[in-house]
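The structure appears right after this line, and notes come after that.
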Amino acid sequence: MGSGRPARPAQLDPAVADGLAGGLDPQALSEMSHLSAAALLDRVRHNEDPEVVHRVLTLVETVGVDEIAELWSDAEPDSLPGVLWRLYMLRTWMRTNRDSIAHLWRVGEPVATTASAIAGVDQAPTEDDIVRLADSILSGAFVGDFAVALERAAAFTDVVALGLRVETRRMVERATANGGIASPADEKTARTKAARLMHTSASLLSTTKDFQHGANLWRRGRLE
1 MGSGRPARPA QLDPAVADGL AGGLDPQALS EMSHLSAAAL LDRVRHNEDP EVVHRVLTLV
61 ETVGVDEIAE LWSDAEPDSL PGVLWRLYML RTWMRTNRDS IAHLWRVGEP VATTASAIAG
121 VDQAPTEDDI VRLADSILSG AFVGDFAVAL ERAAAFTDVV ALGLRVETRR MVERATANGG
181 IASPADEKTA RTKAARLMHT SASLLSTTKD FQHGANLWRR GRLE
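Structure follows, in structure tokens:
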């Protein structure tokens with residue numbers, strides 16, 4: 001996400017961009033957030049042209065995360081723009097941290113379970129597998145069953161969150177092993193890192209619940 005971005009094509013309505021640049025009142029921004037999310041989803045579902053799907057899939061890289069954040073990031077997690085924002089951020093996170101995420105999946109899911117089947121992940125995914133999965137989940141939201149895409153995302157984040165908790169426990173155990181001979185500084189560093197990992201795990205679990213709730217709302221026709 002820190003690399004330079006290519007010039008942004010006009011994939012967002014110019015009126016939206018102008019409104020963001022000039023500043024909108026919260027109510028108008030909320031309405032634009034919902035309308036833009038619904039329009040984007042509807043456009044792809046009624047088109048399914050591979051080029052259109054690719055442009056939507058790579059919206060963060062081409063339009064820019066800041067622009068999308070300004071439009072969708074404040075939307076409620078039980079809304080269409082809020083869920084789409086989380087799906088886009090999940091894809092970005094998975095692609096950026098593919099190596100560590102592949103490791104966390106193997107830690108959290110050492111034996112294939114229903115989560116593997118739902119998410120569509122091999123028992124021991126490679127970095128390339130993680131990238132393909134990230135694209136598959138997001139594109140599935142546009143050209144497949146939206147609820148299924150959210151359920152795949154939920155299963156994936158749930159396992160990775162578990163992997164983080166396992167790694168945290170191992171880190172603390174190593175720092176306090178052998179009768180606690182680790183230096184106070186080393187033990188403090190380990191506990192600080194462990195606290196950060198647990199915070200990330202908790203955030204992922206919250207996102208898991210958002211995806212699950214979004215899937216339920218979509219099936220009931222109430223995700224707007």
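Under UniProt numbering, the residue at position 78 of the sequence shown is numbered 78, and the numbers go up by one with no gaps.
Ideal placement from N, C-alpha and C gives every residue a C-beta, glycine not left out.
Option in the options with minimal Cα separation from residue i
i, options, result
"R98", "K193, L84 and L133", "L133"
"L57", "E109, R91 and E70", "R91"
"W85", "R95, D66 and I101", "D66"
"G214", "T176, R152, S33 and A202", "R152"
"A155", "P184, T176, A117 and A124", "A117"
"R55", "R222, V111, D135 and G120", "D135"
"G163", "A177, R43 and M198", "M198"
Run of the alpha helix (DSSP H) containing residue i, from where it starts to where it stops
i, result
"A38", "P26 to R45"
"A195", "P184 to R219"
"R132", "E127 to V143"
"A112", "Counting along the chain, A112 falls outside any alpha helix (DSSP H), and DSSP gives it neither H nor E."
Through-space distance from residue j to residue i, alpha-carbon basis
i, j, result
"R196", "E70", "26 angstroms"
"E109", "D128", "18 angstroms"
"T189", "V172", "10 angstroms"
"Y88", "V60", "7 angstroms"
"T200", "M32", "30 angstroms"
"R174", "A28", "53 angstroms"
"A37", "T114", "31 angstroms"
"R220", "S79", "13 angstroms"
"D49", "G144", "13 angstroms"
"D42", "W218", "14 angstroms"
"V111", "G120", "14 angstroms"
"R191", "T176", "10 angstroms"
"V52", "N216", "27 angstroms"
Contact set for residue i: own chain, Cβ-Cβ below 6 angstroms, skip 5 residues either direction
i, result
"A149", "I137, G140 and A141"
"P77", "D210"
"D74", "none"
"Q212", "A154"
Cutoff 7 angstroms; reference residue i; Cβ partners in own chain excluding five residues on either side
i, result
"V166", "V107 and G108"
"residue 238", "Absent from the structure is residue 238, since the part of the chain shown begins at 1 and ends at 224."
"A194", "T168, M171 and V172"
"A185", "none"
"T207", "R86 and T157"
Spatial neighbours of residue i in its chain, beta-carbon cut-off 8 angstroms, leaving aside the 5 residues before and after
i, result
"L205", "T157, D158 and A161"
"P81", "S33, H34, S36, A37, L71, W72 and A75"
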